[in-house]
Amino acid sequence: MTAATLRRRLPRRYPILLTIMLALAATCHSLASEAGSQRLSESALQRLKSEAGDISRLHTLVVAENGEIVLERTYAGPGSDQPANIKSLSKTVLAALVGAAIEQGVIEGVDQPVVDLLGPLVPNDIDPRVGDITVGHLLSLQAGLERTSGANYGAWVASDNWVANALRRPFVDHPGGRMLYSTGSSHLLSAALTQASGDSTLSLARQLLGDPLNIAIPAWLRDPQGIFFGGNDMQLSPLALIQVGELYRLDGVIDGTRVLPEGWVEASWTPRGTSAWTSDGYGYGWFVTRLGGEQAYYGRGYGGQALYVIPERALTVAITSDPMPPSPGGQFQQRLHALVETLLAPE
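Here it is as structure tokens:
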């Protein structure tokens, strides 16, 4: 809230109160900015540009510091303001949408059983333990059901009913057990959002994320029943991704409007499982790691799509890369980590 806004809202007979409130506001602003007091140097940005120029698959790189774009480069592919297929980075955006839906009362909370939300989409012949799977289990990829990703992905997306196919999978762990990376779990969230709201996931995303963040959310792939793909193939520009990252960096509040529930960011960035490939923690749609000695949170997608938030440095970084096979896999993700670390290196 600006000083001018305070003056408009306060009666003129309260000059002392106004002075106190302005002083408190200035103090709060100072404290909020303290995390970003270690400003990026020009040499750090030059190092980043040099390193990024050596990565042939890179399409775009955008860096924001304290909410301001300090680097915006397009090397290939669509520009930074154009939509790109963010692949499984969609899981991070979908998690934000679930949080926004909880804030608006579309979903009760993370402990709500998903079968209650899916209603008629639930087949009659499923394992009774499916009733124990909650919204939170799907967000943290701890449903316990056999994965639909990896070697199982092709058969799953070739099925005539993605929701039923995911729910009929055998249990390989209990709900809330180990992290099982499965796009089917994320797709169940999209179906749950559609059933609970009576609206499409696309329409809900535009209302609850697109409007408050002032970003465009184009349509993307749908399943055979017309449900928008949950957890893959969303189309967002790198600049739009920066806004999603900033929403989390600012604890779910944008321009004074609470978009995500209070405490959602902390809950999302609390590790609940561990990636079998990277050993990084995983919360609600976000991986948790340390980069350059700093706590870092990131979402990632096939082929080198990534979104990083480093709160203590007030940094948000969006990266898009060539999504076409063959994927460079985990080694390329480590190269993106190293790219971000060039910003964090001491001078």
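The sequence shown maps to residues 1293 to 1639 in my numbering. Ideal placement from N, C-alpha and C gives every residue a C-beta, glycine not left out.
About 6 Å separates the CB atoms of G1469 and Q1434; that is less than 8 Å, so the two are in contact. Spanning the alpha carbons of L1340 and L1350 requires a straight line of approximately 13 Å. In the DSSP annotation of this structure, Q1434 is not part of any alpha helix (DSSP H), being labelled neither H nor E. Taking L1480 as reference, the option from T1440, T1581, G1502 with the minimal CA-CA separation is T1440. In this structure, L1635 places its C-beta atom within 8 Å of the C-beta atom of L1332. If you look at Q1587, you'll find it in the beta strand (DSSP E) that goes 1586-1593. DSSP places I1602 inside the beta strand (DSSP E), whose first and last residues are 1597-1602. L1494 and I1509 do touch by the CB rule: their CB atoms are close to 7 Å apart, below 8 Å. Pairing A1336 with R1460, the inter-Cα distance amounts to about 50 Å. Checking the DSSP bridge columns, you'll see S1613 partnered with L1350. Contact between Y1590 and P1615 is ruled out by a C-beta separation of about 17 Å, above the 8 Å threshold. One Cα belongs to S1489, the other to G1523, and the distance between them is close to 18 Å.
Shown here, L1494 sits in a helix according to DSSP, grouped into three states.
About 5 Å separates the beta carbon of G1436 from that of H1466, a gap short enough to meet the 8 Å contact definition. Per DSSP, V1557 has no beta bridge partner at all. By the criterion of a C-beta distance shorter than 8 Å, N1457 is surrounded in its chain by T1440, W1448, S1451, G1476, once the five residues flanking it on both sides are discounted.
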